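Oh and the sequence shown: position 30 is 40 in my numbering, straight run, nothing missing.
Note that CB positions come from ideal geometry on N, CA and C, so glycine has one too.
Please read all numbers here as calculations on a predicted model, not as lab measurements.
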Amino acid sequence: MKALRQVAIFLFSLVMPFSEVFAEQKNLNLSNTSVAVAFSPDDGVTQMIINEIDKAKISIYVAAYSFTSLPIAVKLIEAQKRGVSVKVVLDQSQRTAIGSIAKRLKRSGISVRFNRHYKIQHNKYMIFDEQHVECGSFNYTKSAEKNNAENAIIIKNQPQLASIYERTLRSYGWSLYNQIRHGNSEHTH
11 MKALRQVAIF LFSLVMPFSE VFAEQKNLNL SNTSVAVAFS PDDGVTQMII NEIDKAKISI
71 YVAAYSFTSL PIAVKLIEAQ KRGVSVKVVL DQSQRTAIGS IAKRLKRSGI SVRFNRHYKI
131 QHNKYMIFDE QHVECGSFNY TKSAEKNNAE NAIIIKNQPQ LASIYERTLR SYGWSLYNQI
191 RHGNSEHTH
C-alpha cells in the first residue's frame with residue numbers, strides 16, 4: 011500500500027506542472043490591441059520581426075523549429091548586448107542542422123536550449139517584453155522569407171497572452187530560468 015501511495019504521489023508530481031497550462035482558458039479579450047500580420051515570400055516577415063526585436067527593452071523568448079536566419083540572429087545578439095534578456099529554445103535537430111544559428115547565438119552569450127521532451131519542437135514564436143507575441147507558421151530561416159508560403163502575426167499589448175505562451179514554454183520542462191541558474195544550456199529536464 012505504501013508503494014502504491016508513493017507511485018501515486020510521483021505520478022501526481024509529474025502531471026501537476028502541466029495542469030495549469032492545460033486548464034487555462036485560451037479565449038482572451040483583445041481590446042486595445044494592435045496586430046501586425048505579414049506573409050512570405052515578398053511581404054517582409056523577417057523585417058517585421060526584426061523591427062520588434064529592435065524595440066524590445068527587457069526580454070525576448072524564442073521557440074523555434076528551424077533557425078538559420080542570420081538577420082534575425084544578428085538582431086537577437088544586438089538585443090542581448092544592449093541588455094535585453096534573450097532566451098532561445100530550439101528543436102533538437104538544430105544542434106547539428108546545416109546552417110543552424112544555435113552555436114553562434116550561444117557564443118554571443120544567449121541562452122540556448124534544445125527540446126528533447128517531444129519528438130519535434132514545432133513551435134515558432136517570440137515573446138517580447140512579456141507584452142507582445144509573434145507567432146505563425148514562419149520558421150526563422152532564409153527559405154521561409156524567400157521561398158515558402160508562410161505567415162506571422164504580432165499581437166501587441168497583451169501581457170495575458172504573452173504569459174500563456176511563456177507558461178507553455180516552461181511547461182515543456184524547459185525552465186529557462188533554472189537553466190541559467192545551473193549554467194547548463196545543452197540539456198532539457
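query                                                                                                                                                             : result
Look at the alpha carbon of Ala112 and the alpha carbon of Leu100, and state the distance between them as a whole number of angstroms.                            : 8 angstroms
If you measure between the beta carbons of Ser79 and Ser95, is that distance less than 8 angstroms?                                                               : no
List the residues that DSSP assigns as beta-bridge partners of Met58.                                                                                             : In the DSSP output, where bridge partners are listed per residue, Met58 has none listed.
Count the other CB atoms, across all protein chains shown, that sit within 10 Å of the CB of Tyr187; report buried if there are 16 or more and exposed otherwise. : Interpretation of Tyr187 is limited by its pLDDT of 42, a score under 50 that renders its predicted location unreliable; the figure taken from the coordinates is listed afterwards. The residue in question, Tyr187, is exposed, as its Cβ has fewer than 16 Cβ neighbours within 10 Å.
Taking only three categories from DSSP, how would you classify Tyr175?                                                                                            : helix
In angstroms, rounded to a whole number, what distance separates the CA positions of Leu40 and Gln131?                                                            : 27 angstroms
Quick one: what does DSSP say Lys65 is sitting in, helix, strand or coil?                                                                                         : helix
First and last residue of the alpha helix (DSSP H) that includes Arg114?                                                                                          : Ala112 to Arg117
Going straight from the alpha carbon of Thr106 to that of Asn42, what length do you get?                                                                          : 42 angstroms
Where do the ends of the alpha helix (DSSP H) carrying Ser153 lie?                                                                                                : Lys152 to Lys156
Report yes if the C-beta distance between Tyr75 and Asn133 is below 8 angstroms; otherwise report no.                                                             : yes
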